[in-house]
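Chemist: Numbering (my numbering), first residue to last: -8 to 389. Beta carbons: idealized from backbone N, C-alpha and C, even for Gly. Handing you a structure now.
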Ligand SMILES: Cc1ncc(COP(=O)(O)O)c(C=O)c1O
């Protein structure tokens, strides 16, 4: 008799639609097995190396026996201080207390997931703008909560009005998640919009989460992203998630931090003490260097993405699209041609004909359907090669 376990996982986990990136992995593996030379613009996984001083700091810190022990749950004082100093330098958010208003994270995804657990209940609702980065909704769905999607699209200029959310939903809402600059649509939010969101969440006693993973990837000073904590009154209701992954090409390090309201931070801390042991000490030391010397690293990283963005958008527009240059993030968001049934079919066709990997918008929830996202995570020459292959395969926007 086989002893292999057949017990299914929790019904909440079974109910989740398959993670589209997992499906993409399978398709990519099949294409590689057939000898395809993939140009992978699927995941937002930066291809450039981490700046050398940060790598060096990690290597030096790995030799320090203090870092061989469990880290503290909240994070090293030096790292939390670096996070607060960065918030002051970059966003003019002054006087954050590193002990109570900052939390080290094993990447911001971890923090968002754990905060969702802190507030999930059978009768509670989380509001997410949609399309969205999957964890904004899925962590809550796994943790027993319920999601209310609010559509962001061209019609509302990607800035939905919270006052349109049904009152019955608002009454049950614990968390509302926004993220500008936005993955996948690349939308940015003006300060006035953030003011509106803070006022709404204060009025209804809702925890406002700002995911600022792309806060440092922007192309013009006029579009410089704003921190939610810059908004007067935000500190009463808000927490903001920051990531080193895109800002410093550190996705593999898994380093981020949260800053904001001390009560909300304490709930996040509480979940983390029960679920993990905190961010590795040597990674914190490296991330401290990244934050303290951010101005040395960020301009080159943004310049690289700007050049790639220009090449990609020019090429794609030659194929019949009419895409404006994105103002922030490392993505380009485009509608699929009309003759395709859906975004997944379009991506499968492009992959089969050209070896170029794109992400179907449906990876970001049902409201991303009909669109496709390009991540600018390959050198200009490879992007051009991808464009040439698409043109040769007669992939056109119609
Ligand atoms: C909007 C958004 N938030 C958070 C993350 C996760 O970042 P981290 O690597 O810090 O976990 C990503 C990663 O792509 C993202 O797109």
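Unbroken beta strand (DSSP E) runs of length 3 or more, entirely within the region 167 to 224: which are they?
Modeler: 198 to 202
Chemist: When the Cβ atoms of the region 279 to 287 are set against those of the region 42 to 57, are three or more pairs found closer than 8 Å?
Modeler: Under the three-pair Cβ rule at 8 Å, the region 279 to 287 counts as touching the region 42 to 57.
Chemist: Can you tell me which of the three DSSP states residue 366 falls into?
Modeler: Strand at residue 366.
Chemist: From this set, 75, 29 and 357, which residue's C-alpha is nearest residue 250's C-alpha?
Modeler: Nearest of 75, 29 and 357 to residue 250, Cα basis: 75.
Chemist: Alpha carbon to alpha carbon, what distance is there between residue 255 and residue 357?
Modeler: If I take the Cα positions, the gap works out to 30 Å.
Chemist: Drop a sphere of 10 angstroms on the beta-carbon of residue -2, count the other beta-carbons inside from all chains shown, and report buried for 16 or more, exposed for fewer.
Modeler: exposed
Chemist: Taking the continuous alpha helix (DSSP H) assigned at residue 127, which residues delimit it?
Modeler: Secondary structure note for residue 127: its alpha helix (DSSP H) is the uninterrupted segment 126 to 133.
Chemist: Which value, in whole angstroms, describes the spacing of the CA atoms of residue 267 and residue 109?
Modeler: Those two C-alpha atoms are separated by around 14 Å.
Chemist: Can you tell which of 161, 211, 213 and 149 has the C-alpha that lies nearest to the C-alpha of residue 184?
Modeler: 149
Chemist: Less than 8 Å between the C-beta atoms of residue 377 and residue 362, yes or no?
Modeler: no
Chemist: For residue 94, does the count of other Cβ atoms within 10 angstroms reach 16, so buried, or fall short, so exposed?
Modeler: Residue 94 comes out buried.
Chemist: Kindly provide the chain-ordered list of residues whose Cβ lies closer than 6 Å to any non-hydrogen atom of ligand 1.
Modeler: 35, 98, 99, 100, 124, 170, 174, 202, 204, 234, 236, 242 and 247
Chemist: Whole angstroms is fine: what's the gap from residue 371's alpha carbon to residue 261's?
Modeler: 45 Å
Chemist: May I have the straight-line CA-CA distance separating residue 115 from residue 137, to the nearest angstrom?
Modeler: 6 Å
Chemist: Looking only at its own chain, which residues have a Cβ that is under 8 Å from the Cβ of residue 151, when we skip the five neighbours before and after it?
Modeler: 120, 141, 142 and 143
Chemist: Quick one: is residue 188 buried, meaning 16 or more other Cβ sit within 10 Å of its Cβ, or exposed?
Modeler: By the neighbour-count criterion, in which a residue is buried when 16 or more other Cβ atoms sit within 10 angstroms of its Cβ, residue 188 is buried.
Chemist: With distances taken Cα to Cα, identify the nearest neighbour of residue 195 among 4, 331 and 158.
Modeler: Taking residue 195 as reference, the option from 4, 331 and 158 with the minimal CA-CA separation is 158.
Chemist: Taking 8 Å as the cut-off, decide whether the C-beta atoms of residue 122 and residue 355 are in contact.
Modeler: For residue 122 and residue 355, yes; Cβs fall inside 8 Å.
Chemist: Determine, for residue 64, whether the minimum Cβ-Cβ distance to residues of chain D falls below 8 Å.
Modeler: Protein chain content of the structure displayed is limited to a single chain, and chain D is not contained in it.
Chemist: Quick check on residue 336: buried or exposed, where buried means 16 or more other Cβ atoms within 10 Å of its Cβ?
Modeler: exposed
Chemist: Can you check the region 287 to 374 for any beta strand (DSSP E) of at least 3 residues that lies completely inside it and give the ranges in chain order?
Modeler: Segments of the beta strand (DSSP E) lying fully in the region 287 to 374: 322 to 326 and 362 to 366.
Chemist: Quickly, what does DSSP pair residue 94 with across the bridge? List them, please.
Modeler: 249
Chemist: For the region 299 to 316 against the region 83 to 97, do three or more pairs of beta-carbon atoms, one drawn from each stretch, fall closer than 8 Å, so that the two count as touching?
Modeler: Between the region 299 to 316 and the region 83 to 97 there are fewer than three inter-stretch CB-CB distances shorter than 8 Å, so the stretches are not counted as touching.
Chemist: Since I believe residue 241 is in contact with residue 235 (beta carbons under 8 Å), could you give me their beta-carbon distance rounded to a whole number of angstroms?
Modeler: 4 Å
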